[in-house]
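Student: Structure below; questions to follow.
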Amino acid sequence: MATDYKNTLNLPRTAFPMKANLVQKEQELLNFWEKNNTYQKMQEKDMSKVYILHDGPPYANGHIHLGHALNKILKDIIVKYKSMQGYYSPYVPGWDCHGLPIEHQVDKESNKLQVTSNKLTDKEKTEILLKKRQLCREYALKFVDIQRKEFQRLGVFGDWGKPYLTMTYSYEASIVREFCKFVGNGYVYKGKKPVHWCPSCITALADAEVEYADKESPSVYVKFKVKNPSLLTVNGSLSTVSFVIWTTTPWTIPANMALALHPQLIYRLVKINGKGLIIAEDLIKDCMEKTGYKEGSYSVSEGRWTGAELQGIACLHPWIDREVKTITGEHVTLEQGTGVVHTAPGHGEDDYEMALKYNLEVFAPVDQKGLFTEDVKEFEGQHVFKTNAAIIEKLKGINALLGDAGKVTHSYPHCWRCKKPVIFRATEQWFISMEKHDLRKNALAEIENVRWVPAWGQDRISGMVKNRPDWCISRQRSWGVPIALFQCKKCKEFVVDKMVLDKIVQEVEAKGTDVWFEKLPAELLPLGYKCPKCSSSEFTKERDILDVWFDSGVSHAAVMEADERLSWPADMYLEGSDQHRGWFQSALLASTGTRSRAPYRAVLTHGFVVDGQGKKMSKSQGNVISPEEIINKHGAEILRLWVSAADYREDMRISKEILDRLVEAYRKIRNTCRFMLGNLYDYDPETAIKKDALLEIDRHAMSLLQSLIKKAGRAYEEFAFHEVFHSIYNFCVTEMSAFYLDVLKDRLYTFKADSGERKAAQWVLYQILTSLTKMMAPALPFTAEEIWQHLEKDRVQGFKGSRVQGEESIFLSSFPVVNEEFYDKNLEEKWGALLKIRDEVNKALEIKRQEKFIGNSLEAKVVLYVNEVNYAVLKEQETFLPALFIVSRAEILKETTRTEGVYKSPEINGLVVSVSKAEGGKCERCWSWSTSVGEHEAHPSVCGKCFGVLKA
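With my numbering applied, the sequence shown closes on residue 997, and no number is skipped along the way.
As structure tokens, this is what we get:
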């Protein structure tokens, strides 16, 4: 009867499961971190090294989506890495709590809370307003709590019990205080300017609140008759001469005040049926084709004028009794149209700039709901978008339409909230000047001092700041921080007295911004206060609220400066690439305008989440995947792996197939770690091993580890987390599982438990596993912590745990550092060559396995016929070759001419491999084949090596 030698082997022992069961295990680890105050203990560092990542506040509305998860996980990776590097790196999460989305939700749920009725008294309006604000506050708090739990479930560490909220009294006071600084420094003014206006939400929008989407619009060419056509007649008389404009917004024609030409462009007179048209020379053919005129049906006169020569010509509005003149501007281009630009200063930015230059009326006959006012009697009360067809018909009827080119699809601004098209509309708004005190120039200079990741972010934000208009900071809504300014009833001056502004800040700090709406001016102003200009004591309060981008923009002051946990400026702001025109920009302006420098040292941006085909996710497409869905199926760790594995600088694809591939990659990493854990059950971390006690293959593995630490550390520092993942994955799968650990099995399992060779192997495994786990920890905290705990749990009686004492969590340990003693580039190159030979031997063995000549590779003997160079490399390792190739015997011979029954390597010149059956019998203990099997009476079925172990 055969003897069972299984109990004489050192087989792996670990309670670390092969099947992760992440969904359940993650909750246990979350509880572990909370119970042990792990985050708080991570902050117990001296302040010699500080790294502050300032959280850009997500909006407190709805459940988190994958974009939120991506953002928070990236931040968490950085904070955990920096903390393990020895930095004091607190993470204070925040939420944006004011604004339109929350107000809209409250309006939906409480439609009685409208304050627009003229039948209500001021007191009733105030009561309704305050009730609405209270409901908004409750709504925001509800979703702060929901999102907080969802973010924590992702394994994100932070001071979740003490977040910052833009609606707390202290934060609101900071908003008012920062606004008052801008007022005091003369940046703030009130003016009538065209701004993006949402007729559906009935409010002005900042640039950052505008999204661009395709919209179908009419494309029409309209004639404006010249008052005195003889001025432009060439070679004969013409009944009329008209300048031709092109527009996709016919509804703005009632507001036309001028026609803009480029001063240097050449304009020609086009003749059709005794009538003349003025069009830019380079656009004549395109214009005539699109309006239905073929070549030959019109002629171009000999006359040529520059735009400058045509300036000041009086024209007639197509149907309104109004004279409009030609003007010149650099904004006119030859990209499309006619080279003559319809100018309506009340409905366009360039148009408005022309109005300032030429003293044109800023006329916008459109109300807050997008309806024409009584100033356009014919269309009064009609929505502007719905009048396009009627206006086109009107132009046809009066022969002012050169041609209708049908519809064009173009990128058009839409409201970020309701997703409906917006309009440009001139209204009275509050602005921060970009030119006062060189705010634009200073902001552009500060951009140069910031590290932008990716680097193209610098050009992007620079271009935006360079070309942006003044910052429209007022909103005509209820839920937000008021523009806390008083206006004198008598002389209409706004009060900018520092004493008054300071008192308002104090009131808000004590009672919140509701106090502005609750109290009368006399109750808020200092006792007996009089207007500095006219001495009147009667004042009104400004009713508009501040742009929520100002709210979040001043977080550098409200949080980083005011919170004792943090410091100013931040080392890092990290958000999606859309924030170049959002938070990054508002924070830059808010800080530069009051402190003359950027609030951040570095800015990192990530792309958007798209589906597996690269398409935007939307409910209508049915391609939305929620974080909850992924977590419930795979665990948050797989979501974190997705964030770590892809290059976040581009848009990030996600799909079931992508997640399945990541699950498989995760399994391989986990099993590699499990193997190492299983072979450390009887290892004492205090075991001292000298370098010369290691086999060369062990020193090679240690060198590979040092290379990995270098690569991973460099990648973390560069925020290239996908490089960290791929380096770790390749190390685990290729360098460890497929090679080193495979070769190590015989030594770990069959050698004497306390032999020097086995202890040396365990020492190497311990170095690799602890370092590898620490490198994984920022990205894969659940798995890293689980491994860390098992280093302690898996010990057997009589052995200490394989973990450094006092480091109860991996996050209280330090990131590994390179041990230069073991870094050996030459050794890696040498073993790289050996591994290539090993790969070729494996191919030869696989051929014989397919032929059923052998089963297990240990049944084989291999003979390698090699050239002089490879002979020298292999001869040095001759006694180790059977272990390296996992065969029972290996020989090396110099080159052969033999071609039959051998494998000739196509990869390595001069390498031929012969595979034959190993001599002797199979050892029942180690499974190798040896002629020494049967030589030992006490154990006749084992080889000499195993007999030596058993005898001892």
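The C-beta atom is built at its ideal place from N, Cα and C for all residues, glycine as well.
1) Count the other C-beta atoms from every protein chain shown that fall within 10 angstroms of the C-beta of G144, then say buried if there are 16 or more, exposed otherwise.
2) For G391 versus P295, is the C-beta distance shorter than 7 Å?
3) Indicate whether the contact test is met: 3 or more Cβ pairs, each with one atom in the region 381-390 and one in the region 286-295, closer than 8 Å.
4) For L446, collect the residues of the same chain with a Cβ closer than 8 Å to its Cβ; drop the 5 residues on either side in sequence, then sort them by chain order.
5) Excluding five sequence neighbours on each side, which residues of the same chain lie with their C-beta closer than 7 Å to the C-beta of R182?
6) Which word fits D705, buried or exposed, when buried means at least 16 other C-beta atoms lie within 10 angstroms of its C-beta?
7) Using CA coordinates, which residue listed in P826, K949, K939, N494 is at the minimum distance from E885?
8) Which residue comes first and which comes last in the beta strand (DSSP E) that contains G451?
9) What do you get for H108, buried or exposed, if any count of 16 or more other CB atoms within 10 angstroms of its CB means buried?
10) Among the residues of its own chain, which have a CB less than 7 Å from the CB of A488, if the five just before and after it don't count?
11) Got a sec? Which residues, its chain only, sit under 7 Å from E223 by beta carbon, not counting five neighbours each side?
12) Within the continuous beta strand (DSSP E) that includes L619, where are the two ends?
13) Along the chain, which unbroken stretches of the alpha helix (DSSP H) at least 4 residues long are found entirely within the region 557-639?
14) For R642, which residues in the same chain have their Cβ closer than 8 Å to its Cβ, ignoring the five residues on either side in sequence?
15) Could you please give me the residues that DSSP links to M697 through a beta bridge?
16) Check the DSSP bridge columns for T285 and list the partner residues they point to.
17) Buried or exposed, going by whether 16 or more other CB atoms sit within 10 Å of the CB of W475?
18) Cutting at 8 Å between CB atoms, please list the residues of its own chain near Y916, excluding the five before and the five after it.
19) For the region 250-257 and the region 412-429, state whether three or more C-beta atom pairs, one from each stretch, are separated by less than 8 Å.
20) If you count every other CB in all the chains shown that lies within 10 Å of the CB of C998, and 16 or more means buried, which is it?
21) Mind checking D100: buried by the 16 CB within 10 Å criterion, or exposed?
22) Between G657 and E702, how many whole angstroms is the CB-CB distance? I'm expecting something under 8 Å.
23) Note down, one range per segment and in chain order, each beta strand (DSSP E) of at least 3 residues found wholly within the region 502-559.
24) K946: buried (16+ other C-beta within 10 angstroms of its C-beta) or exposed?
25) Terminal residues of the continuous alpha helix (DSSP H) containing I773?
26) Give the straight-line distance between the Cα atoms of L119 and F770, rounded to the nearest whole angstrom.
27) Grab the span of the alpha helix (DSSP H) containing L250 for me, first residue to last.
28) Flag this pair as touching only if the region 326-345 and the region 310-318 have three or more C-beta atom pairs under 8 Å; answer yes or no.
29) Within the chosen definition, does the region 57-74 reach the region 86-100 through at least 3 CB pairs nearer than 8 Å?
30) Quickly, what does DSSP pair Q99 with across the bridge? List them, please.
31) Any chance you could list the alpha helix (DSSP H) runs of at least 4 consecutive residues sitting entirely within the region 661-694, in chain order?
32) With C360 as the anchor, note down where its beta strand (DSSP E) starts and where it stops.
33) Find the nearest neighbour of P672 within the set C579, R198, S782, judged by alpha-carbon distance.
34) Kindly give me the distance between the Cβ atoms of A760 and S772, rounded to whole angstroms, as I take these residues to be in contact under 8 Å.
35) Candidates R792, P861, Y794: which alpha carbon is nearest T815's?
36) In this structure, how does DSSP classify K790 when only helix, strand and coil are distinguished?
Tutor: Short version:
1) Counting Cβ neighbours within 10 Å, G144 comes out buried, since at least 16 surround it.
2) No, the Cβ-Cβ distance between G391 and P295 is not below 7 Å.
3) Yes: at least three Cβ pairs fall under 8 Å.
4) Same-chain partners within the cutoff: V265, Y266, V267, K268, I437, L440.
5) These residues qualify, in order along the chain: M212.
6) Within 10 angstroms of the beta-carbon of D705 lie fewer than 16 other beta-carbons, which makes it exposed.
7) Selected option, being the one with the closest Cα: K949.
8) DSSP places G451 inside the beta strand (DSSP E), whose first and last residues are 446-460.
9) Sixteen is the threshold: since fewer than 16 other Cβ atoms of the shown chains lie within 10 Å of the Cβ of H108, the residue is exposed.
10) Within the same chain, A488 has close Cβ partners V510, L633, L634, T637.
11) Answer for E223: V599, A602, A635, T639, listed in chain order.
12) It spans 617-621 - the beta strand (DSSP E) in which L619 sits, taken as one unbroken run.
13) Unbroken alpha helix (DSSP H) stretches of 4 residues or longer found wholly inside the region 557-639: 559-563, 566-569, 593-598, given in chain order.
14) The answer, listed in chain order, is E491, N494, P614, S636.
15) Assignment of beta-bridge partners to M697 by DSSP yields V654.
16) Checking the DSSP bridge columns, you'll see T285 partnered with K320.
17) When all chains shown are included, W475 counts as buried.
18) Short of 8 Å from the beta carbon of Y916, and not among the five residues preceding or following it, lie these beta carbons of its own chain, in chain order: I937, K939.
19) With a cut-off of 8 Å, the region 412-429 and the region 250-257 do not count as touching, because too few Cβ pairs lie within range.
20) Lying before the first or after the last residue shown, residue 998 is absent from the chain, which here runs from 46 to 997.
21) With 16 or more other Cβ atoms within 10 Å, it is buried.
22) Between the beta-carbon of G657 and that of E702 there is about 6 Å, and that keeps the pair under the 8 Å contact cut.
23) Those beta strand (DSSP E) runs which fall completely within the region 502-559 and span 3+ residues are 531-533.
24) Note that residue 946 is Gly in the sequence shown, not Lys. In summary, G946 is exposed, with fewer than 16 beta-carbon neighbours lying within 10 Å of its beta-carbon over all protein chains present.
25) First-last of the alpha helix (DSSP H) with I773: 766-775.
26) Taking the straight line joining both Cα atoms gives about 13 Å.
27) From DSSP, L250 is part of no alpha helix (DSSP H) but of the beta strand (DSSP E) over 248-250.
28) Because the criterion of three Cβ pairs below 8 Å is met, the region 326-345 and the region 310-318 touch.
29) Verdict: no, contact absent.
30) According to the sequence displayed, residue 99 carries His and not Gln. The partner list for H99 (beta bridge, DSSP) reads Y618.
31) 672-679, 681-690, all fully within the region 661-694.
32) Looking at the DSSP string, the run of the beta strand (DSSP E) that includes C360 is 359-361.
33) Minimum Cα distance to P672 is reached at R198.
34) With a Cβ gap of about 7 Å, A760 and S772 count as contacting.
35) The shortest C-alpha separation from T815 is found at P861.
36) Correct three-state label for K790: helix.
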